[in-house]
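Everything below concerns the one structure shown next.
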Amino acid sequence: MFWRSLVGKLWFTILLLVSFVLLILTVLLLEFFEDYHLEQAEHELMETAKKVTSIVEEFEGDRNLMLSVANEVKDPSSRMIVSFDQKDYWISDSTDSSIPVVDIDWIYRDKQLRAVIEEGEQVKKEDVLPPSQAKVMIVGYPLENETGAVYVYQSLKFVEQTAEKTANIIMLGAGIAIVLTTIFAFFLSTRITSPLIKMREVAIELARGEFNTKVPILTHDEIGELAMAFNRMGRQLKFHINALNQEKEQLFSILSSMADGVITLNRKGEMLIMNPPAKGFVDAWYFENEVSDNELPKRLPEPLQGVLQEVVTLEKEVLKEITVQGRTWVVLVTPLYDKSYVRGAVAVLRDMTEERRLDKLREDFITNVSHELRTPISMLQGYSEAIVDDIAETTEEKNELAQIIYDESLRMGRLVNELLDLAHMEVGKIQLNKEATPLKEFIDRVVRKFHGIAKDYDVELEIDMGNMEEEVCVHIDPDRMEQVLTNLIDNAIRHTQEDTKIKVSLSQTETNVMINIEDQGYGIPEEDLPFIFERFYKADKSRQRKQRHSGTGIGLSIAKNIIEAHRGSITVYSKEGDGTTFTVIIPLLSSD
1 MFWRSLVGKL WFTILLLVSF VLLILTVLLL EFFEDYHLEQ AEHELMETAK KVTSIVEEFE
61 GDRNLMLSVA NEVKDPSSRM IVSFDQKDYW ISDSTDSSIP VVDIDWIYRD KQLRAVIEEG
121 EQVKKEDVLP PSQAKVMIVG YPLENETGAV YVYQSLKFVE QTAEKTANII MLGAGIAIVL
181 TTIFAFFLST RITSPLIKMR EVAIELARGE FNTKVPILTH DEIGELAMAF NRMGRQLKFH
241 INALNQEKEQ LFSILSSMAD GVITLNRKGE MLIMNPPAKG FVDAWYFENE VSDNELPKRL
301 PEPLQGVLQE VVTLEKEVLK EITVQGRTWV VLVTPLYDKS YVRGAVAVLR DMTEERRLDK
361 LREDFITNVS HELRTPISML QGYSEAIVDD IAETTEEKNE LAQIIYDESL RMGRLVNELL
421 DLAHMEVGKI QLNKEATPLK EFIDRVVRKF HGIAKDYDVE LEIDMGNMEE EVCVHIDPDR
481 MEQVLTNLID NAIRHTQEDT KIKVSLSQTE TNVMINIEDQ GYGIPEEDLP FIFERFYKAD
541 KSRQRKQRHS GTGIGLSIAK NIIEAHRGSI TVYSKEGDGT TFTVIIPLLS SD
């Protein structure tokens, strides 16, 4: 609104100040001119009375001539009374009909007017004449014979008219002064506020991030200096914000490239900054605790909530070990201070799973290899001793022992070959014979050969092609990929209870295809999930060779290496007792 603007405020202030000064000046001028006109009227009437007195004294012998000359001397708009005594007097005519003829007795009854005759004093007086109640100014001047006086009176209407005309002139001048003041005030306000308006516009642009906008410098006064300071401030803001952005990008790059997870928390436990490793930890905790996606930006994992409260309360760093989805994280939470007040904390999370895995591998490798080789070697040794010692009496018994020795040697050969293949894969020497393969036909063929085995174990095997197109082809090594799917489906059948379902589903994106093998089996314990793709690792710690659950323990490790050789990935999600889901992702386009 205009009244809220700086122009309106300046204009109203200047106009109010000038109006107040003009009001006081008008009142004073009106009072001055009114007094001045009254004094002038009294002076003129008194001068007229003096002249008439002189005429009366000069022409005392010829009364007619005396009165005629006296009548010519006075103002036509006034009346004059020449009183020689109370019985002998003369009253002149007047052109002003509003001035009544005064009764001589009224003059003699008035103490002040009578004093002119009795005491010889000059009198100036404002009074109301009966019976018309007209306001007049009357003066009296004594005659030398001390028995009479000359009285001249005039209506105050003339003085009032003169004062009114003077007031009109003053009001006209005041009105012109107010108009000129308004024009001047607008001109001055515009000159003052124009640079300020520009500064406001530039400030709005600065708030939007446009730091190159500058305020034009129109004057070299204080406002011009303010404009220069404003432009200097904009340059400094741009410099500092660019520096802050560079620091922010540098900090973001450092955090993103860190192997350790970093989470910045405020005092309320809200996650302010989180790098990718930390997000992986949080996502794993959300999955494990079945937290909905709507809560992801809000909820801090409960183990960290307790650590944060401990840090805020004790105001010192706290170290804690947390296990999520089978992965071991060491968390170091350090308080962040705002002067002496703890305003939050920073949590550094290190995934110690690999270190623990290496320790476990060092401990278990010899045990695993010896366990895998001990049984066939023992059987070879025992049955060969039986043959050497002629324990087998008949040819059939010898052939049976020889067959067992042969089977165990084949088993040892397969184990050695698998170990060699795995070693070649891990050093990057795997050879892939890639070719364009129709995916739906390939999956259907691989799954179909397991229908008989699934039926033997009372397990339903189902295929869900999802949004896959019929003509989709992938560039893969069919034999190696069949080895992967065979291993995954065979594991699913062997580790699934009877009367349950195994589902093989496919889905497609613009760049990848995804194959899910989902079972309703025993599931994998949480502590075993991080090591499921390691050599010789088995979730079954009993080491009992059951027909249904037997295996060398390196099939998943081989599968992982084959998928990675295809530039893909394989992941597993599982809960003990709720089944397991293996997800294989293969790129649509060849990366050769």
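One point on numbering: in full-length UniProt numbering, the residue at position 46 of the sequence shown is 46, and numbering is uninterrupted. Backbone N, C-alpha and C define an ideal beta-carbon position, used for all residues, glycine too. All figures in this text were calculated on a predicted structure; none of them were measured in a lab.
Coarse secondary structure for residue i, derived from DSSP in three states
i           : result
F582        : strand
S94         : coil
T334        : strand
R480        : helix
V123        : strand
residue 610 : No answer is possible for residue 610: it lies beyond the span of the chain, which begins at 1 and ends at 592.
K449        : coil
V564        : A small correction: the amino acid at residue 564 is Glu; Val does not occupy that position in the sequence shown. Helix.
R548        : Confidence is the limiting factor: at R548 the pLDDT is only 43, short of 50, which leaves the residue's position unreliable, though a coordinate-based value still follows. It is coil, neither helix nor strand.
V277        : The displayed chain sequence assigns Pro, not Val, to residue 277. If DSSP states are grouped into helix, strand and coil, P277 belongs with the helices.
S542        : In this prediction, S542 has a pLDDT of 39, which is less than 50 and means its spatial position is unreliable; what the coordinates show is noted afterwards. It is coil, neither helix nor strand.
L17         : helix
I517        : strand
Q154        : strand
L129        : strand
S569        : strand
K135        : strand
K360        : helix
V215        : coil
V52         : helix
H495        : coil
Segment limits, beta strand (DSSP E) that includes residue i
i    : result
E471 : Per DSSP, E471 belongs to no beta strand (DSSP E) and is neither H nor E.
A436 : 435 to 438
L349 : 341 to 351
E72  : Run containing E72: none in the beta strand (DSSP E); it sits in the alpha helix (DSSP H), 63 to 73.
S194 : Taken as a continuous stretch (DSSP letters only), S194 belongs to no beta strand (DSSP E), being part of the alpha helix (DSSP H) at 157 to 207.
E462 : 459 to 464
Q86  : First-last for Q86: undefined, no H or E at that position.
Q508 : 500 to 508
Opening and closing residue of the alpha helix (DSSP H) in which residue i lies
i    : result
T264 : No alpha helix (DSSP H) holds T264; the beta strand (DSSP E) holding it covers 261 to 266.
F230 : 222 to 257
E60  : From DSSP, E60 is part of no alpha helix (DSSP H); its letter is neither H nor E.
E310 : 302 to 314
I104 : 104 to 109
DSSP bridge partner residues for residue i (one or two, in chain order)
i    : result
P142 : A149
S574 : T580
M379 : DSSP output for M379 lists no bridge partner at all.
R327 : V324
R114 : Its beta-bridge partners do not exist; DSSP assigns none.
M271 : L265
L319 : L332
G587 : The question names Gly, yet the displayed sequence has Pro at residue 587. Beta-bridge pairing links P587 to N512.
R79  : Y153
Beta-carbon spacing of residue i, residue j below 9 Å
i           : j    : result
Q122        : Y108 : no
L488        : I517 : yes
Q154        : S78  : yes
I570        : T580 : no
T95         : V73  : no
L300        : I273 : no
L439        : N512 : no
V331        : L314 : no
residue 609 : L401 : No answer is possible for residue 609: it lies beyond the span of the chain, which begins at 1 and ends at 592.
M481        : I558 : no
W11         : A185 : yes
G521        : H495 : yes
M46         : V136 : no
I493        : I443 : no
G261        : L349 : yes
L432        : D477 : yes
residue 626 : G234 : In this structure the chain extends from 1 to 592, so residue 626 is not present and cannot be described.
residue 593 : L308 : Look at the range of the chain in this structure, 1 to 592, and you will see that residue 593 is not part of it.
Any non-hydrogen atom of the ligand GTP within 8 Å of residue i CB
i   : result
F84 : The ligand GTP is absent from the structure shown, which contains no ligand whatsoever.
Just checking, does the segment 118 to 133 make contact with the segment 53 to 73 on the three C-beta pairs under 8 Å criterion? no
Three-pair Cβ contact test at 8 Å for the segment 321 to 331 versus the segment 490 to 500: In short, these stretches do not touch, since the Cβ pair count stays below three.
Pairs of beta-carbons, one from the segment 264 to 276 and one from the segment 241 to 248, closer than 8 Å: are there three or more? no
For the segment 162 to 170 and the segment 26 to 46, state whether three or more C-beta atom pairs, one from each stretch, are separated by less than 8 Å. The count of Cβ pairs closer than 8 Å, one atom from the segment 162 to 170 and one from the segment 26 to 46, reaches three, so the stretches are in contact.
Quick test of the definition: if touching needs 3 or more C-beta pairs under 8 Å, does the segment 198 to 205 touch the segment 216 to 230? yes
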